[in-house]
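For the sequence shown, the positions run 0 to 232 when numbering that gives the first Met the number 0 is used.
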Amino acid sequence: MRSEIEHMKELFGFLPITEYQLDIIKDIIKIVEWHPATHYLVLDLGCGSGRLLNLLANEIPNILAVGLDLYTPPINMRKTKVLNFVVADTLHPPFRENIFDLVIMVNFLHHLVGKTGSKSKRNIEDLLCFTQRLIKGGGILFLDEMAISHKAGRSLLFWLSRLIATLRIYVVFLGIHGQVVFFMTSNELKESILDTGLKIIKIKSLPSKQKFLFRMFFPNGYHFQVRTVAKKF
Ligand SMILES: C[S@@+](CC[C@H](N)C(=O)[O-])C[C@H]1O[C@@H](n2cnc3c(N)ncnc32)[C@H](O)[C@@H]1O
């Protein structure tokens, strides 16, 4: 049987670049005030293969890009001059405070699961607090995360995904990826960001990109992407 790490690499290490990632990059470029003479320190938490930072670095020559993930990406993904990979648990980030101009998090918070739903929610809130401290004054948090409309179904989804993960069922093309997931509602996400002291300067909802099986249980309108830009003043 394949190891958990091999499975994770297959799942996240080779995520393709789609229109959605290009749209994210367009939005980031609009938001951040880049100056050619200054270097920007950018951190992508839960960066997977680092595809977003690589795209961003192609657009903005003066970024210093740091990607953090639990797993080392596949070797071919690491062969890039723009990216510094840190393998760590984001709940214990090995960085000094007040240093990053921009922190990106894309579809990653729902992986910060704990033993129960409420522990998972606390993990996400804690992470947002740590992140606020990593960002320097005037810096930006860019969050693009899947959210759920009602709290009722998410417990079902949390426990169902736990069962699937315990049984190690992987049918990736059907959206059964063996990962435990916990989703916040868009209001909870917003409140948790505001609780950190960051100021939200932009927020929008976008249709979800989830796969077939997930959509069968949780139809469109029930889950969606929330894109939030928050600033540290
Ligand atoms: C759905 S992938 C998103 C990857 C990337 N943000 C992107 O959009 O290409 C979620 C990533 O979060 C990482 N991850 C999950 N829990 C983590 C943790 N506690 N610390 C660091 N990374 C974590 C996973 O290994 C995975 O690469």
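The beta carbon of each residue, even a glycine, is placed where N, CA and C say it ideally should be.
The C-beta distance from V112 to T130 rounds to 18 Å, too long to meet the 8 Å contact threshold. Relative to G136, the option among L21, L40 and I24 whose CA is nearest is L40. Y39 carries a strand assignment under DSSP once its states are collapsed to helix, strand and coil.
Minimum Cα-Cα distance from H38 among the listed residues L55, P60 and I23 corresponds to P60. Here DSSP, grouped into helix, strand and coil, assigns H222 to strand.
The region 46-66 makes contact with the region 21-32; the number of CB pairs closer than 8 Å reaches 3 or more. By the criterion of a C-beta distance shorter than 8 Å, K120 is surrounded in its chain by F181, M183 and E187, once the five residues flanking it on both sides are discounted. When H110, L69 and G138 are compared, the shortest CA-CA separation from E96 is found for G138. Going by beta carbons, Y70 and V86 fall inside the 8 Å limit. In terms of CA proximity to K208, N106 leads the group N106, V31 and E5. Distances from the CB of C128 to the heavy atoms of ligand 1 are all 7 Å or more. Here G177 is near A164, since their CB atoms are less than 8 Å apart. Secondary structure at E32: coil, using DSSP grouped into helix, strand and coil. With a contact defined as Cβ atoms closer than 8 Å, L133 and L42 qualify at about 7 Å. Counting the other Cβ atoms within 10 Å of the Cβ of F99 gives 16 or more, which makes it buried. At a threshold of 7 Å, D125 does not count as near ligand 1, since its beta carbon sits no closer than that to any of the ligand's heavy atoms. The shortest CA-to-CA distance from Y221 to any of L155, S148 and W158 is the one to S148.
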